[in-house]
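Comments concern the structure below.
2 protein chains.
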Amino acid sequence: MRPTMEDVAARAGVSRALVSLVMRNSPKVSDVRRAAVLRAAEELGYQPHVMARSLASRTSTVLGVMVNDLRNAFFADVVEGLDAAAQAAGFDLVLNTGGRSPAREGNALRSLLSFRPAGVILLSPVVPASAIEAAARQCPVVLVSRTSRASGVDTVNDDGEAGSALAVDHLAGLGHRRIAHLDGGGAAGAAQRRRGFQAAMRRHGLEPIVVRSEHTDTAGEKSVRELLATYSRAELPTGLVAGNDFNAVGAISALEEAGLRVPEDVSVVGYDNTSLAALRHLSLTTVDQPRTEMGRLAFEALVERVRGERTEPVRHLLHPSLVVRATTAGFSATGGAPR
Amino acid sequence: MRPTMEDVAARAGVSRALVSLVMRNSPKVSDVRRAAVLRAAEELGYQPHVMARSLASRTSTVLGVMVNDLRNAFFADVVEGLDAAAQAAGFDLVLNTGGRSPAREGNALRSLLSFRPAGVILLSPVVPASAIEAAARQCPVVLVSRTSRASGVDTVNDDGEAGSALAVDHLAGLGHRRIAHLDGGGAAGAAQRRRGFQAAMRRHGLEPIVVRSEHTDTAGEKSVRELLATYSRAELPTGLVAGNDFNAVGAISALEEAGLRVPEDVSVVGYDNTSLAALRHLSLTTVDQPRTEMGRLAFEALVERVRGERTEPVRHLLHPSLVVRATTAGFSATGGAPR
DNA sequence: TCTATTGATTAGAGCGCTCTAATCTTGTAG
DNA sequence: CTACAAGATTAGAGCGCTCTAATCAATAGA
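As they're listed, the protein sequences go chains P and C. When the letters of the first sequence are read in order and numbered with the working numbering, they come out as residues 13 to 351. When the letters of the second sequence are read in order and numbered with the working numbering, they come out as residues 13 to 351.
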């Protein structure tokens with residue numbers, strides 16, 4: 013059996029309570045005793061039992077984290093940011109996946125709550141709002157990539173509208189007038205990206221063209237083929253704002269297949285700045301979201317609630333940035349693509 | 013305050029012990045009482061407190077998981093597999109990242125152990141063997157993507173030698189004779205892949221060509237340029253076994269840049285079957301490791317130890333499979349590439 | 001010398017649960 | 001009608017810790 017506080021106390025010749033104080037770095041312990049306790053603990057290889065501690069102190073250092081899909085690099089990055097912040101502050105992560113199914117997410121959430129965590133962070137959950145509000149009655153809840161009106165719930169989102177606007181501003185600034193958006197359909201965040209695209213286009217006095225697509229490369233190919241079938245070569249959009257990076261890659265393939273060059277004939281902007289986009293071969297201009305930062309902010313929002321420093325909900329809306337690479341270039345009406 | 017067992021017991025008019033039995037689905041509870049308890053629990057919104065349960069029962073349903081880098085899709089997949097198996101069996105994951113630094117991993121590991129977990133799973137840890145053995149003295153330990161001789165430690169690895177052999181067999185079967193390997197250098201698993209390549213080449217009576225590289229796309233480009241500078245066009249290897257998918261992408265870019273077609277002039281095989289490889293645009297032939305399966309096996313190895321069903325260490329060596337896509341094609345000495 | 005006062009230490013209850021052993025019900029056989 | 005086994009229920013101790021309140025030691029002030 014692993015040593016307990018009692019064992020350490022016996023070996024150091026003090027009481028259990030004193031050992032407890034030492035373990036928690038209490039200032040009201042004499043140096044002599046502290047040293048003795050520390051030595052005894054060292055010799056026995058003693059380590060405090062977090063669960064017992066949590067039970068006795070009625071506090072928790074556990075943060076429940078539910079990710080609906082870890083394979084998605086976006087969430088993996090957020091979790092990394094979360095973990096870094098949590099570790100630094102002495103919190104531990106209990107992690108679950110929900111598999112994008114409300115039923116499984118419900119189980120996952122219940123499972124997290126049974127730890128009586130200090131708080132819970134849900135990454136892009138698909139459970140109904142009522143389930144989230146129920147959770148918020150038990151402990152602070154932070155939502156990432158999902159909005160909520162509940163007062164016990166903080167949210168951290170990337171500003172998808174701003175991201176699309178960034179892409180449009182970039183293309184418009186390069187002289188493009190006919191710009192199309194490959195819409196992500198029902199995918200998370202797609203609606204915002206579409207709205208941002210439309211608003212930005214109107215701001216530039218341009219007519220927004222929206223093509224129904226999905227967040228996959230094959231959908232990107234398909235959408236571009238539709239575009240090619242719909243428009244004459246002279247009227248074809250010269251700028252494409254894809255729903256995400258995968259979609260952009262598909263779009264580029266279809267363009268090249270049709271004999272169009274990127275970026276000479278058509279400029280393409282992706283979204284997400286995945287490892288894909290950074291490949292030299294592709295060098296995709298894309299919109300980058302501060303993923304690790306989002307994890308950190310989610311943690312901080314939670315901790316503020318835990319410490320009782322804040323009761324008002326906070327709604328973080330993070331600003332994405334544009335990473336300009338090689339798939340976008342200037343366009344002039346004369347047809348040539350200046351370099 | 014959230015309701016406790018005592019509250020449920022009072023409301024149902026029974027003892028706390030009876031509630032405990034019901035919560036654990038004990039068969040020795042009458043149907044009447046069980047129903048009453050369940051109803052009371054439902055009405056109060058009672059949920060068992062896992063930590064208290066764990067403390068009292070001297071058992072744990074917590075599995076500690078240390079990932080050295082979640083951004084790596086490989087580990088994210090393994091964790092998904094792990095989580096699925098754990099959830100199904102009623103276990104919970106406490107997750108940590110070690111950031112590829114022995115010191116930080118040490119802290120992370122200590123933190124996991126302070127939960128007194130049922131077991132610990134380390135994904136590609138870089139801590140010294142002594143630290144792993146020390147952990148194994150406290151609870152069962154399973155290593156993924158790392159070997160160990162310790163008897164309290166189980167391991168789950170992918171057979172990197174077999175993977176490279178698969179790639180070589182495929183190319184040799186297509187008629188290729190001059191095949192080069194772009195070596196991953198010090199990256200995890202690179203040494204095995206290299207050994208497997210060399211052994212397989214010799215088995216086919218071919219001379220192994222190994223080019224020093226890294227697991228990045230830029231390194232892949234660089235290595236191919238070296239290859240092009242070293243060999244005359246007639247003597248250039250016609251088959252390339254890249255260190256991983258990123259490396260393969262770089263290699264392909266450099267080949268195309270040099271006016272060589274893939275797969276008509278040179279066939280390329282990647283490794284890892286990342287989302288990259290599946291892109292239609294690329295359609296990379298690559299070696300797939302059963303990542304989710306590895307997570308599941310790691311979980312099962314742990315559970316067997318926890319249940320005391322096994323004390324002998326187990327060493328899983330998983331067989332990768334080849335995913336043939338469009339970057340490999342037949343080669344005949346006459347120069348043409350039959351299709 | 002005696003009492004405050006301050007700081008260091010400890011006793012003991014209790015966190016929410018499980019588990020063993022004891023107690024209470026029945027049903028059934030003698 | 002009694003005895004007893006089998007099943008259902010409960011009392012109570014204890015898991016490893018924290019926390020409050022009490023105790024103890026040592027110094028200072030009167």
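Just so it is clear, CB atoms sit at the ideal spot from N, CA and C, and this is done for glycine as well.
At least one CB atom of chain P sits nearer than 7 Å to the CB of C/V261. P/S32 is outside the set of residues whose beta carbon lies under 7 Å from a beta carbon in chain C.
For P/S113, the closest Cβ of chain C is not nearer than 7 Å.
Given a length threshold of 4 residues, each whole run of the alpha helix (DSSP H) inside the region 296 to 343 of chain P is given here in chain order: 303 to 318.
The DSSP-derived three-state label of C/G208 is helix. In the structure shown, the three-state DSSP call for C/G102 is coil.
Remark: C-beta atoms of C/A179 and C/P275 do not approach each other more closely than 7 Å. Inclusion of P/R224 and P/D195 in the CB contact set at 7 Å is warranted, their separation being smaller than that value. Note on geometry: alpha-carbon atoms of C/M17 and C/Y58 lie some 8 Å from one another. In this structure, DSSP gives P/R45 a helical state, which the three-state scheme calls helix.
About 21 Å separates the CB atoms of P/D171 and P/L314; that is not less than 8 Å, and the two are not in contact. Taking the CA atoms as reference points, P/T298 sits about 11 Å from P/S287. At a cut-off of 7 Å between beta carbons, P/S66 contacts chain C. According to the DSSP assignment, P/S160 belongs to no beta strand (DSSP E), since it is labelled neither H nor E. In the displayed model, P/M35 falls within a helix according to three-state DSSP. Under the criterion of beta carbons closer than 8 Å, C/V236 and C/A266 qualify as touching, at roughly 4 Å.
Apart from the 5 residues on each side of it in sequence, P/S123 sits with its Cβ closer than 7 Å to the Cβ of N108 in its chain, given in chain order.
Chain-order list of chain P residues neighbouring C/P60: S126, by C-beta distance under 9 Å. When C-alpha distances from P/R128 are compared across P/E268, P/G76 and P/G282, the shortest belongs to P/G76. Distance from the CA atom of P/M306 to the CA atom of C/G187, rounded to whole angstroms, is 51 Å. P/D89 carries a helical assignment under DSSP once its states are collapsed to helix, strand and coil. Counted as a single uninterrupted DSSP element, the beta strand (DSSP E) harbouring C/N169 occupies residues V165 to D170. Under the Cβ distance rule, C/S279 does not count among the residues neighbouring chain P, no pair being separated by less than 7 Å.
Contact of C/N108 with chain P by beta-carbon distance below 8 Å involves D95, Q99, D104 and L105. Among the residues of the region 220 to 251 of chain P, those with a Cβ less than 9 Å away from any Cβ of chain C are D229, T230 and E233, in the order of the chain.
Only residues of its own chain outside the window of five on either side were considered, and among them L183, L186, H188, T250, G251, L252, T297, T339, T340, A341 and F343 have a CB closer than 8 Å to the CB of P/S279, listed in chain order.
Taken atom to atom, the span from the alpha-carbon of P/S38 to that of P/V44 is near 14 Å. Between P/A192 and P/I221, the gap from beta carbon to beta carbon is short of 7 Å. In the DSSP assignment, C/A254 falls outside any alpha helix (DSSP H), carrying neither H nor E. For P/P60, the CB contacts under 6 Å within the same chain, skipping 5 residues up- and downstream, are M35 in chain order.
Beta-bridge partners assigned by DSSP to P/N108: P/M78. Any Cβ of chain P closer than 7 Å to the Cβ of C/S265 would place that residue at the interface, and such an atom is present.
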